[in-house]
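J.: FYI, in the UniProt record's numbering the residues of the sequence shown are 1 to 370. Every residue gets a Cβ at the ideal spot worked out from N, C-alpha and C, and that includes glycine. Every value quoted in this text rests on a predicted model; they were computed, and no experiment measured them. I have a structure I would like to understand better, so I am pasting it below and will then ask my questions one at a time.
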Amino acid sequence: MKENKNTRVVVGMSGGVDSSVAALLLKEQGYDVVGIFMKNWDDTDEFGVCTATEDFDDVVRVCNQLDIPYYSVNFEKQYWDKVFTYFLDEYKAGRTPNPDVMCNKEIKFKAFLDHALSLGADYLATGHYAQVARDENGSIQMLRGADDNKDQTYFLNQLSSDVLEKVMFPLGHLPKPEVRKIAADYGLVTAAKKDSTGICFIGERNFKTFLSEYLPAQPGKMMTLDGIEKGNHDGLMYYTIGQRQGLGIGGSGDPWFVVGKNLEDNYLYVAQGYHNDYLYSDSLVATDINWVQPDQIEETFTCTAKFRYRQKDSEVTVTVKDDKAYVAFKESQRAITPGQAVVFYQGDICLGGGTIDEIIKDNKALQYVG
Ligand SMILES: Nc1ncnc2c1ncn2[C@@H]1O[C@H](COP(=O)(O)OP(=O)(O)OP(=O)(O)O)[C@@H](O)[C@H]1O
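This is the structure:
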């Protein structure tokens, strides 16, 4: 084992409190710590919502406080090609993408990790709430962050054990309030900085306006699945399965929800009632499957899964075949959304995950995207 002082760790620093404390803890453990800020989006656009300039200023201030070197690296092109293009393509296909999952897969833990290694780093550390551990055979696994409320393994589901070998999550065992306290006790300038919310390149601005800058909107008809016209929609990309707000269908009775999309006819399918049967499904097919420890995955197994970030686990049976995962739910699930991630767990171990591609009920694919 190399001594900590001979082990170089690049910390991905966002200018937020989490990565500041990650750097502080590693420095206190005696590592050779280098802070690197990554710029992924041009913040000189007319909207001025991306706070890269201010964030880098905070990185500089924290690194000066910790007395560690810092750099900035530009990955705008890679981010555009790998994350933003995927983001737009998914919306074009009527799906609801997860850019954070793609950013972790292609940028933070690929382009950025390679960059860190090329600078002589032994590890890349981030302020994610997740844990890297070894099983009894010494093989690398990923565990949920100890703080249930902050666990970020959902977004890290595409990381493999090869990547995790090179990764540290110094905050994984800590509750978030403890992280803030460490920052305050040390007097870090970011101690009270607000947590970032939403997708970084959109910020607080209106999502519809943002998307319409990049994709032409194609208004069409809102229909029930029995073929009754209910009004007009502004463009299928603006709606997601299970959405209630913004449909503009009033009247008597239960509220209306988006239950499907038909790309060919440009119809948005709507149905009445939160518990409408059309919103429920009993299985799904996932693609882009990543298993953290592929050699430990059987052809069919039971585990739990999350279909969205802020959701409790549900019991499922997974069958792995031809690079796809067929996921049968123990209890039917509401408003599963194509394009989002499905992530699998065995207790606290995150097994991996994939992209929700098809949603099935009574052995038939639902008309979510047609
Ligand atoms: N622009 C960036 N440059 C370098 N690393 C980054 C950048 N943005 C995020 N990271 C790394 O990824 C981690 C998780 O990012 P996320 O956007 O979820 O931030 P967060 O949980 O709000 O953390 P923080 O408080 O550090 O901003 C961060 O803690 C940081 O280590």
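#1: Just to confirm my understanding: we take Lys-361, look at its own chain, exclude 5 residues before and 5 after, and list those with CB closer than 6 Å. What are they?
#2: Are there 16 or more other CB atoms within 10 angstroms of the CB of Pro-338, so buried, or fewer, so exposed?
#3: Which residue marks the beginning of the alpha helix (DSSP H) containing His-115, and which one marks its end?
#4: Roughly how many angstroms separate the alpha carbons of Glu-358 and Leu-284, rounded to a whole number?
#5: Tell me whether His-128 is buried or exposed, calling it buried when 16 or more other Cβ atoms sit within 10 Å of its Cβ.
#6: Could you please give me the residues that DSSP links to Cys-303 through a beta bridge?
#7: Could you tell me the alpha carbon to alpha carbon distance between Gly-354 and Ile-289, rounded to whole angstroms?
#8: DSSP on Gly-370, reduced to helix/strand/coil?
#9: In angstroms with no decimal places, state the Cα-to-Cα distance between Leu-279 and Gln-340.
#10: Can you look up Trp-41 in the DSSP assignment and give me helix, strand or coil?
#11: With 16 as the cutoff for other CB atoms within 10 Å, does Gln-218 come out buried or exposed?
#12: Assess contact between the stretch 221-234 and the stretch 76-88, defined as three or more Cβ pairs (one per stretch) separated by less than 8 Å. Is contact present?
#13: When burial is assigned at 16 or more other CB atoms within 10 Å of the CB, is residue 430 buried or exposed?
#14: DSSP on Lys-324, reduced to helix/strand/coil?
#15: Take Phe-257 as the anchor and find which of Asn-266, Leu-263, Asp-277 has the nearest alpha-carbon.
#16: Please decide whether Lys-108 counts as near chain D, where near means a Cβ-Cβ distance under 9 Å.
#17: Just the C-alpha distance for Thr-7 and Asp-122, rounded to the nearest angstrom, thanks.
#18: Quick check on the DSSP output: the alpha helix (DSSP H) that includes Ser-20 runs from which residue to which?
#19: Look at the alpha carbon of Ala-183 and the alpha carbon of Val-17, and state the distance between them as a whole number of angstroms.
#20: Between Cys-200, Met-237, Gln-158, which has its C-alpha nearest residue 399's C-alpha?
#21: Please report the straight-line C-alpha distance between Gly-370 and Asn-262, rounded to a whole angstrom.
#22: Run the CB neighbour count on Pro-216, radius 10 Å, all protein chains shown included, and call it buried at 16 or more, exposed below.
#23: For ligand 1, any of its heavy atoms closer than 8 Å to the Cβ of Gly-120?
#24: What separation, rounded to the nearest whole angstrom, lies between the Cα atoms of Val-167 and Tyr-154?
#25: Which whole runs of the beta strand (DSSP E) in the stretch 233-286 are 3 residues long or more, in chain order?
#26: Quick one: grab the DSSP three-state call for Ala-146.
#27: CA-CA distance, Asn-74 and Ile-202?
#28: Below 8 Å, is the gap between the Cβ of Gly-187 and the nearest heavy atom of ligand 1?
#29: Pick helix, strand or coil for Thr-7, following the three-state DSSP scheme.
T.: This is what the structure gives:
#1: Position 361 of the sequence shown, counting from 1, holds the residue named residue 361. Excluding residues within five positions, the ones whose Cβ falls inside 6 Å are Ser-281, Asp-282.
#2: Looking up residue 338 in the sequence shown gives position 338. Its Cβ being crowded by 16 or more others within 10 Å, Pro-338 is buried.
#3: Working through the sequence shown from its first residue, we reach residue 115 at position 115. Taken as a continuous stretch (DSSP letters only), the alpha helix (DSSP H) holding His-115 covers 112-118.
#4: Working through the sequence shown from its first residue, we reach residue 358 at position 358. Working through the sequence shown from its first residue, we reach residue 284 at position 284. Cα-Cα distance, rounded: 5 Å.
#5: Along the sequence shown, read from residue 1 onward, the residue named residue 128 stands at position 128. Per the 10 Å Cβ criterion, buried.
#6: What you label residue 303 is simply residue 303 of the sequence shown in a count that begins at 1. DSSP lists Val-316 as partners of Cys-303.
#7: Counting from 1 along the sequence shown, the entry for residue 354 is found at position 354. Counting from 1 along the sequence shown, the entry for residue 289 is found at position 289. Spanning the two alpha carbons is a distance of roughly 4 Å.
#8: One-based indexing of the sequence shown puts residue 370 at position 370. Confidence at Gly-370 is low in this model, with a pLDDT of 46, below 50, so the placement of that residue should be treated as unreliable; the coordinate-derived value is given next. Of the three classes helix, strand and coil, the one that applies to Gly-370 here is coil, per DSSP.
#9: Within the sequence shown, numbered from 1, the residue matching residue 279 stands at position 279. Within the sequence shown, numbered from 1, the residue matching residue 340 stands at position 340. Those two C-alpha atoms are separated by around 16 Å.
#10: The residue given as residue 41 occupies position 41 in the sequence shown. In this structure, Trp-41 counts as coil in the three-state DSSP scheme.
#11: Translated into positions along the sequence shown, residue 218 becomes position 218. Exposed, because fewer than 16 other Cβ atoms sit within 10 Å of the Cβ of Gln-218.
#12: no
#13: No statement about residue 430 is possible, as the shown extent of the chain runs from 1 to 370 and does not include it.
#14: Position 324 of the sequence shown, counting from 1, holds the residue named residue 324. Residue state, collapsed to three classes: strand.
#15: Within the sequence shown, the letter at position 257 stands for residue 257. Of the candidates Asn-266, Leu-263, Asp-277, the one whose C-alpha sits nearest the C-alpha of Phe-257 is Asp-277.
#16: Any reference to chain D falls outside this structure, which holds one protein chain only.
#17: Reading the sequence shown from its first residue, position 7 is the one you call residue 7. Reading the sequence shown from its first residue, position 122 is the one you call residue 122. C-alpha separation (whole angstroms): 6 Å.
#18: Position 20 of the sequence shown, counted from the start, is the residue given in the question as residue 20. Here the alpha helix (DSSP H) through Ser-20 covers 17-28.
#19: Here the question's residue 183 lines up with position 183 in the sequence shown. Here the question's residue 17 lines up with position 17 in the sequence shown. C-alpha separation (whole angstroms): 7 Å.
#20: Look at the range of the chain in this structure, 1 to 370, and you will see that residue 399 is not part of it.
#21: Position 370 of the sequence shown, counted from the start, is the residue given in the question as residue 370. Position 262 of the sequence shown, counted from the start, is the residue given in the question as residue 262. Interpretation of Gly-370 is limited by its pLDDT of 46, a score under 50 that renders its predicted location unreliable; no figure is taken from the coordinates.
#22: Position 216 of the sequence shown, counted from the start, is the residue given in the question as residue 216. Answer is exposed; the Cβ neighbour count stays below 16.
#23: Looking up residue 120 in the sequence shown gives position 120. It does not: the Cβ of Gly-120 is nowhere closer than 8 Å to a heavy atom of ligand 1.
#24: Translated into positions along the sequence shown, residue 167 becomes position 167. Translated into positions along the sequence shown, residue 154 becomes position 154. Their backbone Cα atoms lie some 17 Å apart in a straight line.
#25: 256-262, 267-272
#26: As a first step, residue 146 is located in the sequence shown; it is residue number 146 there, counting from the start. Correct three-state label for Ala-146: coil.
#27: For this step, residue 74 is matched to residue 74 along the sequence shown. For this step, residue 202 is matched to residue 202 along the sequence shown. Asn-74 and Ile-202: Cα-Cα distance of roughly 18 Å.
#28: The count along the sequence shown starts at 1 and reaches residue 187 at position 187. Every heavy atom of ligand 1 is 8 Å or more from the Cβ of Gly-187, so no.
#29: By one-based count along the sequence shown, residue 7 stands at place 7. Note: Thr-7 maps to coil in three-state DSSP.
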